[in-house]
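First comes the structure, then the notes that go with it.
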Amino acid sequence: MERCTCDDSPDLENRKAWQWGVCGDNLKYSTKFLKKFLGQKRIGKDLRAKVDIHNTNVGIKAFCSLAHQSTL
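Residue 1125 is where the sequence shown starts when you use the numbering used here, and the numbers rise one by one after that.
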């Protein structure tokens, strides 16, 4: 395996120096994935769609906050 697929950085500094270990928490990738995945659920501009988008964003922020606290 050349690189971890959950890392969306365009290039690694030195691919030969990279070794497979354990995937870390990639909150940036997870957030982007969730927004794309859950955002496709409700695209409309009605009130229900706005509430769904709001709730998705609040859930993502809450999770990121808890994940960050657990790493301290």
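Heads up, the beta-carbon is just placed ideally off N, CA and C, and yes, glycines get one too.
As the structure is a prediction and not an experimental result, all values here were calculated from the model.
{"Item": "Span separating the alpha-carbon of lysine 1169 from that of cysteine 1188", "Value": "26 Å"}
{"Item": "8 Å contact criterion, which leucine 1158 and alanine 1191 should meet: CB distance rounded", "Value": "Incorrect: roughly 13 Å between the Cβ atoms, too far for contact."}
{"Item": "Distance CB(isoleucine 1177)-CB(threonine 1155) smaller than 8 Å", "Value": "no"}
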